[in-house]
Amino acid sequence: MPVPVIMPKFEMAQESGKILRWLKREGETVAKGEAILEVETDKVAMEVEAPASGTLIGIRASPGEVVPIGEPIAYILLPGEVWSEAPAPSPLPSPAAPRATPLAERLAQAHGLDLSAVPGTGPGGRVTKADVEAYLARQEVGEAYEGKVKAVPAARRLARELSVDLRKVEGTGPGGRIQSADVLRAAAGMQRIAEVEALPHMAVRRRVPLTGMRRAIAERMTRSVREAPQFTVSIDVVMDRALGVVEDLSAWAERAVGVRVTLTALLIRACAWALRRHPALNATLEGEEILEWEDVNIGVAVAVPEGLVVPVVHAADRKGLTEIARELEEKAARAREGRLRPEDLQGGTFTISNLGMYGVDRFTAILNPPQAAILAVGRVARRPVVGEGDRVEVRSMATLTLTADHRIVDGAQAARFLEDLRIALERPGILLG
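Spelled out as structure tokens, the structure:
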């Protein structure tokens with residue numbers, strides 16, 4: 005006879021499961037233990053395995069449907085069998101005269117409890133005093149029974165946390181039972197009402213759906229903060245000589261090859277030089293391994309109307325300043341015009357975010373996963389500094405802040421990298437060799 009595939013119980017408080025998707029189609033041959041569908045409860049999503057080898061037949065629930073635990077959702081037709089129709093479910097015992105011990109009956113009567121609602125664990129399904137006590141305990145934490153609001157325990161806990169009155173919530177589960185999703189919808193509605201009532205003068209200018217690039221940025225940055233233990237170190241750099249190199253080289257390059265050398269291009273070259281000396285920062289974390297990369301591929305965050313993109317200058321450690329400037333100019337232009345190619349965004353091993361052009365003195369950037377570090381660059385500004393002989397001098401200064409993944413990099417490594425980067429920017433002649 006065909007073997008039923010039933011809605012399994014994964015959790016103690018589970019009363020139903022939602023079909024996410026079928027991994028096998030009706031009529032396909034399946035092996036015992038092979039995953040045939042995915043089911044979701046209030047807490048987890050799990051695969052359901054075939055209880056026998058044969059042909060999957062008689063699928064009774066579609067994706068999105070909520071099915072009580074223990075209900076057949078399909079059948080496995082054994083080899084040699086012929087499918088006619090789903091076997092009739094076994095008749096349920098009459099609830100009129102439940103078998104129960106005298107102690108169980110007295111306890112149920114004292115609490116006004118219908119014993120037909122209590123599952124028995126005694127011999128032959130007999131309801132014991134322990135069964136009644138367990139049922140009453142579940143009832144106190146939200147187990148549904150006749151005359152009460154029907155809700156799964158997880159929904160009741162959530163309702164208490166969010167101060168939601170379950171009597172005002174419409175349930176979408178089996179038999180109108182309230183699920184956690186129903187409580188969340190009700191809480192969201194309450195929040196909207198509360199906002200309108202509390203701030204009647206506030207008008208929404210527009211609603212912007214969190215889609216496309218904005219959603220991708222939100223998900224990526226949230227994952228970065230959630231997964232990576234991030235720390236920051238900062239250093240102040242005297243930028244006078246770096247600015248002089250940029251000015252001199254840019255004037256020549258524009259006339260000779262039509263390229264404008266920028267401070268960002270020099271920063272890329274300086275970072276590439278320092279990363280060669282500190283390969284632990286030119287790395288990514290993948291699974292249980294830290295990968296230190298041979299190539300130094302530096303991404304530069306570029307603001308676009310939709311959000312942020314990070315085109316990559318590949319092999320920056322093997323390119324001259326003019327070549328880096330040309331590549332950066334071309335890719336930044338493509339980014340602003342929405343014409344970036346896939347290869348423009350791939351393979352980054354380190355990222356620079358420069359907000360100096362917006363007048364920002366210093367800031368902290370969030371890691372670009374799975375990279376080990378990102379450099380935040382503030383504006384170049386004239387500041388008083390103490391020079392030789394304790395003389396106060398006014399110099400062009402910039403603050404560089406490195407954010408690093410503590411799973412990959414330690415504080416001392418980050419500090420040594422920043423010190424070498426400071427040397428490269430304060431003595432930029434070493435980058436031209």
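If you use the numbering used here, the sequence shown corresponds to residues 5 to 437, in order.
For each residue, glycine too, the CB sits at the ideal point set by N, CA and C.
Contacts around residue i, its chain only, beta-carbon distance under 8 Å, and the 5 residues preceding and following it disregarded
| i | result |
| --- | --- |
| Val314 | Gly303, Val304, Ala305, Val306, Leu349, Gly352, Thr355, Asn372 |
| Arg230 | none |
| Gly175 | Lys154, Ala155, Arg181, Ile182, Gln183, Asp186 |
| Ala418 | Phe235, Val237, Leu285, Ala377, Leu406, Ala408 |
| Ala207 | none |
| Glu290 | Pro374 |
Residue i - DSSP class collapsed to helix/strand/coil
| i | result |
| --- | --- |
| Gly151 | Interpretation of Gly151 is limited by its pLDDT of 44, a score under 50 that renders its predicted location unreliable; the figure taken from the coordinates is listed afterwards. Correct three-state label for Gly151: coil. |
| Arg366 | coil |
| Asp249 | This sequence places Val at residue 249; Asp is not what is there. DSSP places Val249 in helix when its eight states are reduced to three. |
| Gly129 | helix |
| Thr326 | helix |
| Gly393 | helix |
| Trp26 | strand |
| Ser94 | With a pLDDT of 48 at Ser94, under the threshold of 50, the predicted position of this residue should be treated as unreliable, though the coordinate-derived value follows. Note: Ser94 maps to coil in three-state DSSP. |
| Thr266 | coil |
| Leu425 | helix |
| Ile356 | strand |
| Thr226 | helix |
| Asp414 | coil |
| Ala134 | helix |
| Ile63 | coil |
| Gln350 | coil |
| Ser20 | strand |
| Lys47 | Below a pLDDT of 50, predicted positions are generally treated as unreliable, and Lys47, at 44, falls in that range; the measurement from the model is reported next regardless. Coil at Lys47, not helix or strand. |
| Ile73 | coil |
| Glu42 | strand |
| Lys118 | According to the sequence displayed, residue 118 carries Asp and not Lys. Looking at Asp118 - three-state DSSP - the assignment turns out to be coil, as it is neither helix nor strand. |
| Pro8 | strand |
| Ala380 | strand |
| Ala408 | strand |
| Ala190 | helix |
Separation of residue j from residue i, as counted between CA atoms
| i | j | result |
| --- | --- | --- |
| Leu359 | Pro388 | 22 Å |
| Ala257 | Gly382 | 25 Å |
| Asp424 | Ala278 | 6 Å |
| Val48 | Lys22 | Low confidence applies to Val48: its pLDDT is 49, below 50, so where it sits in the model is not reliable enough to give any reading. |
| Ala191 | Met225 | 26 Å |
| Ala56 | Val9 | 9 Å |
| Leu162 | Val168 | 8 Å |
| Pro83 | Lys36 | 13 Å |
| Ala101 | Val136 | Confidence at Ala101 is low in this model, with a pLDDT of 43, below 50, so the placement of that residue is unreliable and no value is reported for it. |
| Trp87 | Trp297 | 59 Å |
| Arg209 | Tyr362 | 26 Å |
| Met194 | Leu166 | 10 Å |
| Ala222 | Pro233 | 18 Å |
| Arg189 | Arg366 | 41 Å |
| Pro178 | Val43 | 15 Å |
| Ala246 | Arg211 | 45 Å |
| Ala220 | Arg227 | 11 Å |
| Gly391 | Gly342 | 47 Å |
| Pro72 | Pro106 | 31 Å |
| Leu170 | Pro213 | 30 Å |
Beta-bridge pairing of residue i - partner residues as DSSP gives them
| i | result |
| --- | --- |
| Gln183 | None; Gln183 has no bridge partner. |
| Met401 | Val242, Ala385 |
| Thr288 | Leu295, Gln375 |
| Ala307 | Leu312 |
| Ile221 | DSSP output for Ile221 lists no bridge partner at all. |
| Leu81 | Thr59 |
| Pro233 | Beta-bridge pairing links Pro233 to no other residue. |
| Glu53 | Ala39 |
| Ile434 | According to DSSP, Ile434 bridges with nothing at all. |
| Ile272 | Ile272 is not bridged to any residue. |
Residues near residue i in its chain [Cβ-Cβ closer than 7 Å; skip 5 each side]
| i | result |
| --- | --- |
| Ala428 | Ala274, Trp277, Ala278, Ile434, Leu435 |
| Phe235 | Ala408, His410, Gly415 |
| Leu96 | Per-residue confidence for Leu96 stands at a pLDDT of 42, beneath the threshold of 50, marking its modelled position as unreliable; the derived number appears in the next sentence. Taken in chain order, the list of residues that qualify is empty. |
Residues near residue i in its chain [Cβ-Cβ closer than 6 Å; skip 5 each side]
| i | result |
| --- | --- |
| Arg218 | Gly311 |
| Asp321 | Ala276, Arg280, Val300 |
| Ala104 | Leu119, Val131 |
| Pro76 | Pro8, Ile10 |
| Lys13 | Ile73 |
Rounded distance between the beta-carbons of residue j and residue i, thought under 8 Å
| i | j | result |
| --- | --- | --- |
| Ala402 | Val300 | Not confirmed; about 22 Å, so no contact. |
| Val249 | Pro432 | 5 Å |
| Glu53 | Ala39 | 6 Å |
| Ala319 | Val263 | Rounded, the Cβ-Cβ distance is 18 Å, inconsistent with contact. |
| Glu331 | Val317 | 5 Å |
| Ile1 | Ile412 | Within the shown structure, residues of the chain are numbered from 5 to 437, placing residue 1 beyond reach of any answer. |
| Asp252 | Arg399 | Their Cβ separation, rounded to whole angstroms, is 19 Å, which puts Asp252 and Arg399 out of contact at 8 Å. |
| Glu85 | Leu60 | Incorrect: roughly 13 Å between the Cβ atoms, too far for contact. |
| Ile239 | Leu404 | 6 Å |
| Ala287 | Val308 | Not quite, the Cβ-Cβ distance comes to about 28 Å (not below 8 Å), so this is no contact. |
| Lys133 | Ala108 | 5 Å |
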